[in-house]
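Trainee: The sequence shown begins at 1160 in our numbering and counts up one residue at a time. Structure provided below as structure tokens; questions to follow.
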Amino acid sequence: MDRVDPERVAEVEREVHALAQASFLEGAAAVPVSCMDGRGIDALRDELAGAARRHAVERADRGFRLAVDRAFSVRGAGAVVTGTVVAGTASVGDPLVVAGTDRPVRVRGLHVQDAASETAYEGDRTAMNLTGVDVDDVARGDWIVAPGAAGRTHHAVVEFDVLPDFPRALRHWAPVHAYAATSHAQGRIGLLSGDPIPPGGTGAVDVVLDRAVPLKVGDRLIARDQDLGRTIGGGRVLDVAAVHGRRRAPGRLERVKALRQQDPGDALSALARLDVVEAEGFRRDWNLTDGALARLTAGDQFALGRGLVIHRDLLEETREAVRTALSEHHRTQRESAGLPREAIANALHAPRATVDFAIASLAETGDIRAHSGNFALASHVAEIPAALATLFDRVSPSLDTLQPPSLGDIAKSLGRPFPQLEREMRALAAIGLCEQVGPNRFYLKERLRELAAVARNLDARGAFTVRDFRDASGVGRNVVIEVLEHFDRKRFTRRSGDMRRVVGEFDSVFD
């Protein structure tokens, strides 16, 4: 740059970026420098320091993974494995596992680049002396990983580049030998587009393996043809989740598109705009530490709950859609108590998990309420048909007790046909006037609340039995069993053998 004008420098920069396209250097910074007068040296130093800082942060965010290329025994030391650290760091004394068997091991000693070391970092050629494993139990192709980085898969989505000199197009379901670091498996390639990938072309593919391999998002995979005569190509692993449903379903292709983001934060943002993301699965697939995941999900971009992550834009869109669907239902069916989850999801044509998250969010903020599996706007009051209102006035005295009679006894006392009364009582339960606890047993919610208080008082002293509940409530054994089994189904109580514990809140479970 000290011998040409600025226009020529800019022209060469453009040429360098063009040359780097479709290579591992695409997007890399190009810094003009002069060794003669020192121009650009400070900028280069800053660029290198920034890259080092970014790499250090990324390295700390990943779980340790070492691909074993050799295993042997040293007299007096035991099992030693050698290989390249693919991700993360490990130090002497760290607990690790052998991926696949999940056998726990511990680092007794380390050599990095043929010198004793306390820590091995990403990219280091490392010899690792391990305790907890015999040399016969680990071999080339195995992986030594952090406990949180374990897990294997038979399937990977890969952004696959076919080599320009490969003699034919890559066709659907082609048999291949697949390699990731030192791991090897046979498998087949499924194309996610309809057309074969020509030599020099790129496309997303499913790689279906005949044995499980500990792959993570971002790993590099190479494929050779079936007779090992030629290398077909390779690429970056985009996803390691199992395929559910059709390979080329629109929703799945959208997921693959989102996973083309190489930064985990960008990928999580893109995925969480499509559907809720299972946080632990994302952490495991991307080989992130717990701290790295916590940093990714911090802030206002995401909403969290029950181990799930959703983008706030998608959450607000779905919340509004749920409110609209319920409002329309109330307008056209004023006597209805509301809609079940399945009906809401079907009306929205949205992923069920996203709808469930939005429903839970609306319930938490008081926008909607639930009863017997149906959801309604908080402002909605169902119009009770006159015939049902009259019936409720007649049956409520019989239900206003801790041990209401069976439906058959009520039918006899009212002189009403049993099948007709059964339909009518279920209709009363559907609109929230009573609760069905068994095939032929209905309760007023107020009396059921009293029995729930009995259970909670017993639980304060520890687990309780049917006999404990019977003695404390004064209700007969057969009815007690019906009530407690109803509490179990509603997840207000949990049974373990003959004992039960209270695990829920009455209002949240029975509203």
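We put the CB at the ideal spot given by N, CA and C, even for glycine.
1) Looking only at its own chain, which residues have a Cβ that is under 6 Å from the Cβ of A1401, when we skip the five neighbours before and after it?
2) Taking Cβ positions, are A1309 and V1256 nearer each other than 7 Å?
3) What does a CB cutoff of less than 7 Å around L1455 pick up in its chain, not counting 5 residues either side in sequence?
4) Curious, which full-length alpha helix (DSSP H) runs of at least 4 residues does the stretch 1413–1441 contain?
5) Need the endpoints of the alpha helix (DSSP H) that P1578 sits in, please.
6) Quick one: using the 10 Å Cβ neighbour count with 16 as the cut-off for buried, is D1293 buried or exposed?
7) Taking DSSP as the reference, what is the three-state secondary structure of D1253?
8) Taking C-beta to C-beta, are V1245 and R1262 nearer than 7 Å?
9) Taking DSSP's pairing of strands, which residues face Y1280 in a bridge?
10) At a cut-off of 6 Å, is E1487 close to the ligand ADP when judged by its beta-carbon and the heavy atoms of the ligand?
11) Compare the beta carbon distance of D1228 and G1242 with 7 Å and say whether it is the shorter of the two.
12) Could you tell me the distance, in whole angstroms, from the CA atom of I1381 to the CA atom of A1177?
13) Taking A1333 as part of the alpha helix (DSSP H), name the residues at either end of that continuous run.
14) So V1304 and A1258 are in contact, right, with Cβ under 8 Å, and what is the actual spacing, rounded?
15) Measuring alpha carbon to alpha carbon, tell me which residue in R1615, A1529 and P1165 is nearest R1198.
16) Sort R1442, E1501 and G1532 by Cα distance to D1220 and report the nearest one.
17) Can you tell me whether N1533 is buried or exposed, with buried defined as 16 or more other CB within 10 angstroms of its CB?
18) Have a look at L1203 and V1190 and give me their C-alpha separation to the nearest angstrom.
19) Using a Cβ-Cβ cut-off of 6 Å (strictly less than) and excluding sequence neighbours within five positions of S1250, which residues of its own chain qualify?
20) Tell me which residues share the same chain as A1570 and place their Cβ nearer than 6 Å to its Cβ, disregarding the 5 neighbours each side in the sequence.
21) Mind checking whether G1268 and G1247 have CB atoms under 7 Å apart?
22) Return the residue from the list F1601, S1632 and N1599 that minimises the CA-CA distance to R1615.
23) Out of M1658, I1518 and G1450, state which residue places its alpha-carbon closest to the alpha-carbon of G1464.
24) Can you tell me whether D1354 is buried or exposed, with buried defined as 16 or more other CB within 10 angstroms of its CB?
25) Is L1374 near A1339, with beta carbons less than 7 Å apart?
26) For the 8 Å Cβ check, are there 3 or more pairs between the stretch 1596–1603 and the stretch 1641–1649?
27) Residues in the same chain with beta-carbon distance under 6 Å from K1604, minus the five sequence neighbours each way, listed in chain order, please.
28) Within 10 angstroms of its Cβ, does M1672 collect 16 or more other Cβ (buried), or is it exposed?
29) Going by beta carbon distance, what residues of the same chain come within less than 7 Å of D1369, once the five residues before and after it are set aside?
30) Please identify the residue among R1582, G1656 and D1666 whose C-alpha is closest to the C-alpha of L1607.
31) Mark I1527 as exposed unless 16 or more other C-beta atoms lie within 10 angstroms of its C-beta, in which case mark it buried.
32) What separation, rounded to the nearest whole angstrom, lies between the Cα atoms of L1507 and R1432?
33) For R1406 versus G1349, is the C-beta distance shorter than 7 Å?
34) At 3 residues or longer, and completely inside the stretch 1461–1508: list those beta strand (DSSP E) runs for me, N to C.
35) Spatial neighbours of V1435 within its chain, please: C-beta separation below 6 Å, excluding the five flanking residues on both sides.
36) Helix, strand or coil for V1163, going by three-state DSSP, please let me know.
Mentor: To lay it out plainly:
1) Against the sequence shown, residue 1401 aligns to sequence position 242. For A1401, where only same-chain residues beyond five positions count, the Cβ hits under 6 Å are H1314.
2) By 1-based counting over the sequence shown, the position of residue 1309 is 150. By 1-based counting over the sequence shown, the position of residue 1256 is 97. A contact, by the Cβ cut-off of 7 Å.
3) In the sequence shown, the residue the question calls residue 1455 occupies position 296. Answer for L1455: P1423, G1424 and L1427, listed in chain order.
4) Segments of the alpha helix (DSSP H) lying fully in the stretch 1413–1441: 1423–1431.
5) As a first step, residue 1578 must be located in the sequence shown, where it is residue number 419. P1578 -> alpha helix (DSSP H) spans F1577 to A1589.
6) Sequence index remark: in the sequence shown, residue 1293 carries index 134 (1-based). By the neighbour-count rule (16 or more Cβ atoms within 10 Å), D1293 is not buried but exposed.
7) Translated into positions along the sequence shown, residue 1253 becomes position 94. In the structure shown, D1253 falls within a coil segment according to DSSP collapsed to helix, strand and coil.
8) As a position in the sequence shown, residue 1245 is number 86, starting the count at 1. As a position in the sequence shown, residue 1262 is number 103, starting the count at 1. No. Outside cutoff.
9) If you number the sequence shown from 1, residue 1280 lands on position 121. According to DSSP, which records beta bridges pairwise, Y1280 is partnered with nothing at all.
10) Inclusion of the ligand ADP in the displayed structure is not the case, the ligand content being empty and no account of it being possible.
11) As a position in the sequence shown, residue 1228 is number 69, starting the count at 1. As a position in the sequence shown, residue 1242 is number 83, starting the count at 1. A contact, by the Cβ cut-off of 7 Å.
12) Here the question's residue 1381 lines up with position 222 in the sequence shown. Here the question's residue 1177 lines up with position 18 in the sequence shown. Rounded to the nearest angstrom, the gap between the Cα atoms of I1381 and A1177 is 25 Å.
13) In the sequence shown, residue 1333 corresponds to position 174, counting from 1. A1333 -> not in any alpha helix (DSSP H); beta strand (DSSP E) instead, spanning A1333 to A1339.
14) Start at 1 with the first residue of the sequence shown, and residue 1304 comes out as number 145. Start at 1 with the first residue of the sequence shown, and residue 1258 comes out as number 99. Taking C-beta atoms under 8 Å as the contact rule, V1304 and A1258 qualify, at a distance of about 5 Å.
15) Along the sequence shown, one-based indexing puts residue 1198 at 39. Out of R1615, A1529 and P1165, P1165 has the C-alpha closest to the C-alpha of R1198.
16) Within the sequence shown, numbered from 1, the residue matching residue 1220 stands at position 61. Ranking the options by Cα distance to D1220, first place goes to R1442.
17) Counting from 1 along the sequence shown, the entry for residue 1533 is found at position 374. Within 10 angstroms of the beta-carbon of N1533 lie 16 or more other beta-carbons, which makes it buried.
18) Position 44 of the sequence shown, counting from 1, holds the residue named residue 1203. Position 31 of the sequence shown, counting from 1, holds the residue named residue 1190. Distance between the alpha carbons of L1203 and V1190: 6 Å.
19) As a first step, residue 1250 must be located in the sequence shown, where it is residue number 91. Excluding five sequence positions before and after S1250, the CB atoms of its chain that fall closer than 6 Å to its own CB belong to E1277 and T1278, given in chain order.
20) The residue labelled residue 1570 in the question sits at position 411 within the sequence shown. Excluding sequence neighbours, A1570 sits near F1577 and L1580.
21) Counting from one through the sequence shown, the residue named residue 1268 turns up at place 109. Counting from one through the sequence shown, the residue named residue 1247 turns up at place 88. Taking 7 Å as the Cβ cut-off, G1268 and G1247 do not qualify as a contacting pair.
22) Locating residue 1615 in the sequence shown gives position 456, where the first residue counts as 1. Ranked by how close their Cα comes to the Cα of R1615, the residues F1601, S1632 and N1599 have S1632 in first place.
23) Reading the sequence shown from its first residue, position 305 is the one you call residue 1464. Nearest of M1658, I1518 and G1450 to G1464, Cα basis: I1518.
24) Locating residue 1354 in the sequence shown gives position 195, counting from the first residue. D1354 counts as exposed, since fewer than 16 other C-beta atoms from the protein chains shown sit within 10 angstroms of its C-beta.
25) Here residue 1374 is taken as the residue at index 215 of the sequence shown, counted from 1. Here residue 1339 is taken as the residue at index 180 of the sequence shown, counted from 1. At the C-beta level, L1374 and A1339 come within 7 Å of one another.
26) Short answer: they touch.
27) Within the sequence shown, residue 1604 is the residue found at index 445, counting from 1. Correct list, in chain order: E1594.
28) Outside the displayed span of the chain (1160 to 1670) sits residue 1672, for which this structure offers no information.
29) Taking the sequence shown and counting its residues from 1, one reaches residue 1369 at position 210. For D1369, where only same-chain residues beyond five positions count, the Cβ hits under 7 Å are A1344, Q1345 and G1346.
30) Locating residue 1607 in the sequence shown gives position 448, counting from the first residue. Closest by alpha carbon: D1666.
31) As a first step, residue 1527 is located in the sequence shown; it is residue number 368 there, counting from the start. Counting Cβ neighbours within 10 Å, I1527 comes out buried, since at least 16 surround it.
32) Walking along the sequence shown from the start, residue 1507 turns up at place 348. Walking along the sequence shown from the start, residue 1432 turns up at place 273. If you take the alpha carbons of L1507 and R1432, they lie about 16 Å apart.
33) Taking the sequence shown and counting its residues from 1, the one referred to as residue 1406 is at position 247. Taking the sequence shown and counting its residues from 1, the one referred to as residue 1349 is at position 190. Yes. Within cutoff.
34) As far as the stretch 1461–1508 is concerned, its whole beta strand (DSSP E) runs of at least 3 residues are 1461–1464 and 1467–1470.
35) In the sequence shown, the residue the question calls residue 1435 occupies position 276. L1467, I1469, A1512, T1513 and F1516, listed in sequence order.
36) Within the sequence shown, the letter at position 4 stands for residue 1163. It is coil, neither helix nor strand.
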